[in-house]
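Heads up: the structure comes next, in structure tokens.
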Amino acid sequence: MTVAVGIDKLGFYTPGLYLDMTDLAHARGAEPNKYLIGIGQSKQAVIPPTQDVVTMAANAAEQILTPATKAEISMVLFGTESGIDNSKATAVYLAHLLGLPSNTRAVEIKQACYGATAGLQLAADFVRARPTAKVLVIGADIARYGLRSAGEVTQGGGAVAMLVTANPRILALDAISSYHTADVMDFWRPTYRTEALVDGKYSTNVYLDFFQQVWDDYQAQTHRTIADFSAFVFHLPFTKMGRKGLRQILPTATSAQQATLTAAFEASQADNREVGNLYTGSLYLSLLSLLRHGNLQGGERLGLFSYGSGAEGEFFSGTVQPTFQQGFDEDFLANQLADRQAVSVAEYEEIYRAQLPNDSRDVQLAVGQETAPYYLAGRQHEQRQYRQQ
Ligand code: CAA
Numbered sequence: 090m091t092v093a094v095g096i097d098k099l100g101f102y103t104p105g106l107y108l109d110m111t112d113l114a115h116a117r118g119a120e121p122n123k124y125l126i127g128i129g130q131s132k133q134a135v136i137p138p139t140q141d142v143v144t145m146a147a148n149a150a151e152q153i154l155t156p157a158t159k160a161e162i163s164m165v166l167f168g169t170e171s172g173i174d175n176s177k178a179t180a181v182y183l184a185h186l187l188g189l190p191s192n193t194r195a196v197e198i199k200q201a202c203y204g205a206t207a208g209l210q211l212a213a214d215f216v217r218a219r220p221t222a223k224v225l226v227i228g229a230d231i232a233r234y235g236l237r238s239a240g241e242v243t244q245g246g247g248a249v250a251m252l253v254t255a256n257p258r259i260l261a262l263d264a265i266s267s268y269h270t271a272d273v274m275d276f277w278r279p280t281y282r283t284e285a286l287v288d289g290k291y292s293t294n295v296y297l298d299f300f301q302q303v304w305d306d307y308q309a310q311t312h313r314t315i316a317d318f319s320a321f322v323f324h325l326p327f328t329k330m331g332r333k334g335l336r337q338i339l340p341t342a343t344s345a346q347q348a349t350l351t352a353a354f355e356a357s358q359a360d361n362r363e364v365g366n367l368y369t370g371s372l373y374l375s376l377l378s379l380l381r382h383g384n385l386q387g388g389e390r391l392g393l394f395s396y397g398s399g400a401e402g403e404f405f406s407g408t409v410q411p412t413f414q415q416g417f418d419e420d421f422l423a424n425q426l427a428d429r430q431a432v433s434v435a436e437y438e439e440i441y442r443a444q445l446p447n448d449s450r451d452v453q454l455a456v457g458q459e460t461a462p463y464y465l466a467g468r469q470h471e472q473r474q475y476r477q478q
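At position 179 of the sequence shown the residue is numbered 268 (the working numbering), and the sequence of numbers has no breaks.
Dropping the structure here:
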């Protein structure tokens, strides 16, 4: 019998500040319901300069790793599209901060929001071939479109950390999945830019088109139908996007199935609605949100749609394990969101502009407000100064 492989543990970190989307709507002269309903976002994580993708990943990973587990990790796959270096991998910084063994393979994976899914699938294949191995997979990003841009309401940030093992506590992945790629200019960020370029409406159409293609292909490969699923989990650049994806396939379901899938979608978007886009981590925050707020039973099958602009899409599936509640720290996650502090639009704009400047100057950041275990203290001699407390 082949061994079950998948997500054993899931951690999530987002900084302690948020912007209320009603406040942003007022400041931008928009009708609040456009943001709250039309886009489907209530709050947006505000990322202070003392957090970058490496520190957020470390803060997420620390939740799920004991010293004994750290000693067993043989690979770190770090998906990000807001990395901090064009050569050195974020995974190497992370492995050092976490104190992982030196015989660890550590690399960064880039394909827009799809990078963590590539990492998850590569990790699962690695563990299928070596069932005692443990792999740490990260999706960490800061979504920046620019002040007063159309994409501003879809910003956000944070990190998801996943431990991939045999006999996982949360989700056993099916080996079959379907993927699709095409060279599309819907969203991209040339190396000289700190903010993404996006053809917004076009990107939403490509997302839906890719979803249909990989869903059709998955059904053809597996002979499964919508009736085989208890929930669909989506990459959520904003929650309305996943709602549109689900609506696209719902007409093929019975009305009872439609009610189940719609309720599951509501659970899966609850946390994303409070945090905004995480790019690579978004799909996995949505999975965590479903695990936390949904009505799942062990043995149920989930479908997951990953999309990375540019573009790559993948539909894959897995079976919820009866032990899934042991795979995340509910108290920590609930408190993390509940304890965040609101910032005004003026404060958000100031923080937005206060990121490390895109040049070689030394910078000493004000770190007095930082409570996270890992943070960025500044830059010296063109090297980021990471700290642990
Ligand atoms: N009450 C309720 N709904 C309202 C409303 C009101 N008062 N006013 C407007 N709306 C609705 C609109 O009807 C529309 O709904 P539908 O999409 O269902 O038609 C919705 O609010 C949004 O309105 P607009 O289309 O006019 O919004 P916009 O022009 O400001 O742009 C956007 C929206 C294109 C998503 C823009 O925010 C953007 O460019 N975001 C970044 C790109 C993005 O996230 N793309 C997603 C696919 S790409 C991807 O997934 C990868 C990734 O992570 C980036």
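From the three backbone atoms N, C-alpha and C, an ideal C-beta is built for every residue, glycine too.
Computed from a predicted model, the values in this text were never measured in an experiment.
Residue i in three-state terms, based on DSSP
{"i": "K333", "result": "helix"}
{"i": "V273", "result": "coil"}
{"i": "L377", "result": "helix"}
{"i": "Q469", "result": "strand"}
{"i": "Q477", "result": "strand"}
{"i": "D97", "result": "strand"}
{"i": "D420", "result": "helix"}
{"i": "D141", "result": "coil"}
{"i": "S292", "result": "helix"}
{"i": "G127", "result": "helix"}
{"i": "D230", "result": "strand"}
{"i": "S163", "result": "strand"}
{"i": "A222", "result": "coil"}
{"i": "R194", "result": "strand"}
{"i": "R64", "result": "Residue numbering for the chain in the displayed model covers 90 to 478; residue 64 lies beyond these limits and cannot be assessed."}
{"i": "D448", "result": "coil"}
{"i": "R362", "result": "helix"}
Close beta carbons around residue i, own chain, < 6 Å, minus the five adjacent residues each side
{"i": "A146", "result": "L183, I227, A229 and A248"}
{"i": "P411", "result": "G387"}
{"i": "A151", "result": "Reading off the sequence, residue 151 comes out as Glu, not Ala. So the qualifying residues of the chain are P462."}
{"i": "G392", "result": "F318, F321 and S406"}
{"i": "Y373", "result": "G228 and V249"}
{"i": "R217", "result": "V94"}
{"i": "Q474", "result": "A466 and G467"}
{"i": "T270", "result": "E401"}
{"i": "Q395", "result": "Sequence check: residue 395 is Ser here, not Gln. Hits under 6 Å: Y203, T206, H324, L372 and E403."}
{"i": "Y291", "result": "D275"}
Straight-line Cα distance separating residue j from residue i
{"i": "T328", "j": "Q210", "result": "24 Å"}
{"i": "V92", "j": "N256", "result": "7 Å"}
{"i": "L367", "j": "G208", "result": "16 Å"}
{"i": "V456", "j": "G240", "result": "29 Å"}
{"i": "G467", "j": "W304", "result": "45 Å"}
{"i": "L125", "j": "S131", "result": "5 Å"}
{"i": "N122", "j": "V135", "result": "21 Å"}
{"i": "N222", "j": "S398", "result": "With the sequence shown as reference, residue 222 is identified as Ala, and Asn is not the correct amino acid for it. Whole-angstrom Cα-Cα distance: 31 Å."}
{"i": "L189", "j": "F276", "result": "34 Å"}
{"i": "P73", "j": "S176", "result": "Coverage of the chain is limited to positions 90 through 478, which leaves residue 73 absent and any answer about it impossible."}
Below-9 Å beta-carbon distance, residue i vs any chain B residue
{"i": "K98", "result": "The structure shown contains no chain B; it holds only a single protein chain."}
Own chain residues within Cβ distance below 8 Å of residue i, not counting five before or after
{"i": "T193", "result": "I162, S163, M164, V165 and A184"}
{"i": "T343", "result": "A316"}
{"i": "F413", "result": "R258, I259, L260, L380, L385 and G387"}
{"i": "P57", "result": "Coverage of the chain is limited to positions 90 through 478, which leaves residue 57 absent and any answer about it impossible."}
{"i": "T314", "result": "Q308 and T341"}
Proximity below 9 Å, CB of residue i to CB of residue j
{"i": "R563", "j": "L106", "result": "Residue 563 lies beyond the range of the chain shown here (90 to 478); nothing can be said about it."}
{"i": "A195", "j": "V181", "result": "yes"}
{"i": "Y307", "j": "I265", "result": "yes"}
{"i": "L154", "j": "L262", "result": "no"}
{"i": "A205", "j": "V224", "result": "no"}
{"i": "A400", "j": "A201", "result": "yes"}
{"i": "K98", "j": "R219", "result": "no"}
{"i": "T144", "j": "Y464", "result": "yes"}
{"i": "L339", "j": "L325", "result": "no"}
{"i": "S238", "j": "E403", "result": "no"}
{"i": "G331", "j": "F354", "result": "yes"}
{"i": "V94", "j": "T311", "result": "no"}
{"i": "D141", "j": "I173", "result": "yes"}
{"i": "T369", "j": "E170", "result": "yes"}
{"i": "G100", "j": "F417", "result": "yes"}
{"i": "D451", "j": "Q469", "result": "yes"}
{"i": "G383", "j": "A427", "result": "no"}
{"i": "E471", "j": "S449", "result": "yes"}
Distance cut-off 8 Å: residue i Cβ against heavy atoms of the ligand SAH
{"i": "D275", "result": "Ligands present in the displayed structure are limited to the ligand CAA, and the ligand SAH is not among them."}
7 Å CB neighbourhood of residue i in its chain, flanking five on each side removed
{"i": "A484", "result": "Outside the shown range of the chain (90 to 478) lies residue 484, about which nothing can therefore be said."}
{"i": "Q133", "result": "Y107, L108, M110, Q244, G245 and G365"}
{"i": "Q301", "result": "Q337"}
{"i": "Q415", "result": "R258"}
{"i": "A345", "result": "none"}
Does the structure place the segment 284-304 close enough to the segment 347-365 that three or more beta carbon pairs sit under 8 Å?
no
Give a yes or no on contact between the segment 419-434 and the segment 291-298, applying the rule of three or more CB pairs nearer than 8 Å.
no
Touch test, the segment 232-242 against the segment 373-380, Cβ-Cβ under 8 Å, three pairs minimum
no
With a threshold of 8 Å, are at least 3 pairs of Cβ atoms found where one atom belongs to the segment 431-445 and the other to the segment 111-127?
yes
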